[in-house]
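Visitor: Pasting a structure below so you can have a look.
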Amino acid sequence: MLDDPRYTVPPVPDAVEGVAWLRASVARFSEGAAHERRRMLAVAALAEVEPERLRDLAMTRKATPVEVLAEALGVDVVAADVEVVARSYQPHTAITREADEALGRLVAACGKYDEATANLIGLLVQACVATAALVAGVRPPVPSTRRVGPDGVEVEVDLADHPFGLGRHACPGERHALALAEGLTR
Numbered sequence: 756m757l758d759d760p761r762y763t764v765p766p767v768p769d770a771v772e773g774v775a776w777l778r779a780s781v782a783r784f785s786e787g788a789a790h791e792r793r794r795m796l797a798v799a800a801l802a803e804v805e806p807e808r809l810r811d812l813a814m815t816r817k818a819t820p821v822e823v824l825a826e827a828l829g830v831d832v833v834a835a836d837v838e839v840v841a842r843s844y845q846p847h848t849a850i851t852r853e854a855d856e857a858l859g860r861l862v863a864a865c866g867k868y869d870e871a872t873a874n875l876i877g878l879l880v881q882a883c884v885a886t887a888a889l890v891a892g893v894r895p896p897v898p899s900t901r902r903v904g905p906d907g908v909e910v911e912v913d914l915a916d917h918p919f920g921l922g923r924h925a926c927p928g929e930r931h932a933l934a935l936a937e938g939l940t941r
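Here this note's numbering is used: the first residue of the sequence shown is 756, the next is one more, and so on.
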């Protein structure tokens, strides 16, 4: 299902602020041209950080994955804000007032309400949960994802055989996540 174009990510509603805006503006929860454009923004941000440099920084810093990645990306964010947003990030989770407030602070620290900022924050949110799971030795770091089939039914897809996804929605930061986890566990 992961590389079958008939199976798409569940759509999220458009929004102009808060975590709902983040969901609506990241590659993770989009398809088609919007997905391609947003994914390129995430890939471009990651291209600024060599995985080996990230590993070395993690080895010397011994901080959380979010703190190390944020430093490498050149953004000054509070890891606790990323953690709060991460708890409301998935479309099947409730968005809390605290998450919306934290997202506002992250946007202020990373740029403005645009797709580049959203996808930069999206990278930090993914590092918060998935890379922390890697550091803890959890395989796969993201156990499942969701897709909507051609019949309109949403299904949960097990990622045990593809821990970083597959196809157009495969994690663009796999090398970075592995390097970061390696650096933090040495």
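C-beta atoms are modelled at their ideal positions from N, C-alpha and C, and glycine is treated no differently.
Everything numeric in this text was worked out from a predicted model, so none of it was measured.
Within its chain, find whatever has a CB closer than 6 Å to the CB of Ala887; leave out the 5 residues flanking it on each side and keep chain order.
Guide: One-based indexing of the sequence shown puts residue 887 at position 132. Contacts found: Pro820.
Visitor: Determine which residues share a DSSP beta bridge with Val903 and list them.
Guide: In the sequence shown, residue 903 corresponds to position 148, counting from 1. Answer by DSSP bridge pairing, in chain order: Thr763 and Glu909.
Visitor: Cutting at 7 Å between CB atoms, please list the residues of its own chain near Thr940, excluding the five before and the five after it.
Guide: Counting from 1 along the sequence shown, the entry for residue 940 is found at position 185. Counting only Cβ-Cβ distances below 7 Å, and skipping sequence neighbours, we find Val890.
Visitor: For the stretch 804–821 against the stretch 906–926, do three or more pairs of beta-carbon atoms, one drawn from each stretch, fall closer than 8 Å, so that the two count as touching?
Guide: The stretch 804–821, when compared against the stretch 906–926, does not touch it at the 8 Å Cβ threshold.
Visitor: Please report the distance separating the alpha-carbon of Val840 from that of Arg930.
Guide: Translated into the one-based positions of the sequence shown, residue 840 becomes position 85. Translated into the one-based positions of the sequence shown, residue 930 becomes position 175. If I take the Cα positions, the gap works out to 24 Å.
Visitor: Nearest-angstrom Cα distance between Trp776 and Arg794?
Guide: Indexing the sequence shown from 1 puts residue 776 at position 21. Indexing the sequence shown from 1 puts residue 794 at position 39. Approximately 16 Å, taken between the alpha carbons.
Visitor: Within 10 Å of its beta-carbon, does Ser899 have 16 or more other beta-carbons around it, so buried, or fewer, so exposed?
Guide: Here residue 899 corresponds to residue number 144 of the sequence shown, with the count starting at 1. With fewer than 16 other Cβ atoms within 10 Å, it is exposed.
Visitor: Tyr868 by DSSP, collapsed to three states: which one?
Guide: Taking the first residue of the sequence shown as position 1, residue 868 is located at position 113. Here Tyr868 sits in coil by DSSP.
Visitor: Are Arg778 and Ala770 close, meaning C-beta to C-beta below 9 Å?
Guide: On the sequence shown, position 23 is the one that residue 778 refers to. On the sequence shown, position 15 is the one that residue 770 refers to. Against a cut-off of 9 Å, the Cβ pair of Ala770 and Arg778 comes out as a contact.
Visitor: Val908 and Leu879 - do their beta-carbons sit closer together than 9 Å?
Guide: Locating residue 879 in the sequence shown gives position 124, counting from the first residue. Locating residue 908 in the sequence shown gives position 153, counting from the first residue. Not a contact, by the Cβ cut-off of 9 Å.
Visitor: Taking a contact to mean a Cβ-Cβ separation below 9 Å, would you say Ile850 touches Gly773 in this structure?
Guide: Within the sequence shown, residue 850 is the residue found at index 95, counting from 1. Within the sequence shown, residue 773 is the residue found at index 18, counting from 1. Yes, the pair counts as a contact, with Cβ atoms nearer than the cut-off.
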